[in-house]
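To start, the structure itself, in structure tokens.
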């Protein structure tokens, strides 16, 4: 229903990471507020509507490849981790946790919703 309304009104939805980057809690660091502000400014100005994107596997998210004033490793979290294998393990672990939690709702949702979940 939300997707239908968004399409009908040409609304856009943005997911902004305001949490940790460069490692899981305890090893990474908080995303600096100046970058979060710059990303939100790019959303409000319409800059992101014209941006180029790359695909973020497992969660099938589109990530902008460039926002002026924001380091690439903030946009693509895999670039912020020094241990890429650890990053991949954590992403897959999170995807598996999401899929397990979602099992409770499988009978109640449309096939499109099921297909939109993490792909492991």
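Numbering (the working numbering), first residue to last: 61 to 180. Beta carbons are placed, not taken as given, at the ideal position from N, Cα and C, and that holds for glycine. Since we're looking at a predicted model, the values are computed, not measured.
When DSSP states are grouped into helix, strand and coil, residue 137 belongs to the helix group. Note on geometry: alpha-carbon atoms of residue 129 and residue 97 lie some 10 Å from one another. Using a Cβ-Cβ distance cut-off of 8 Å, the region 84–98 and the region 115–123 are not in contact, since fewer than three pairs of beta carbons, one from each stretch, lie closer than that value. Assigned with DSSP and collapsed to three states, residue 84 falls in coil, not helix or strand.
The region 99–111 makes no contact with the region 137–147, as fewer than three CB pairs between them are under 8 Å.
Classified as exposed, residue 131 has fewer than 16 neighbouring CB atoms from the shown chains inside 10 Å of its CB. Looking at the DSSP output, residue 124 bridges to 113. Beta-bridge analysis with DSSP links residue 97 to no other residue.
Taking the Cα of residue 135 as reference, the smallest distance to any Cα among 77, 71 and 64 is reached at 77.
For residue 174, same chain residues with a beta-carbon under 7 Å away, outside a window of 5 residues either side, are 166 in chain order. Between the C-alpha atoms of residue 102 and residue 74 there is a straight-line separation of about 11 Å. Going by C-alpha positions, residue 176 is about 30 Å away from residue 86.
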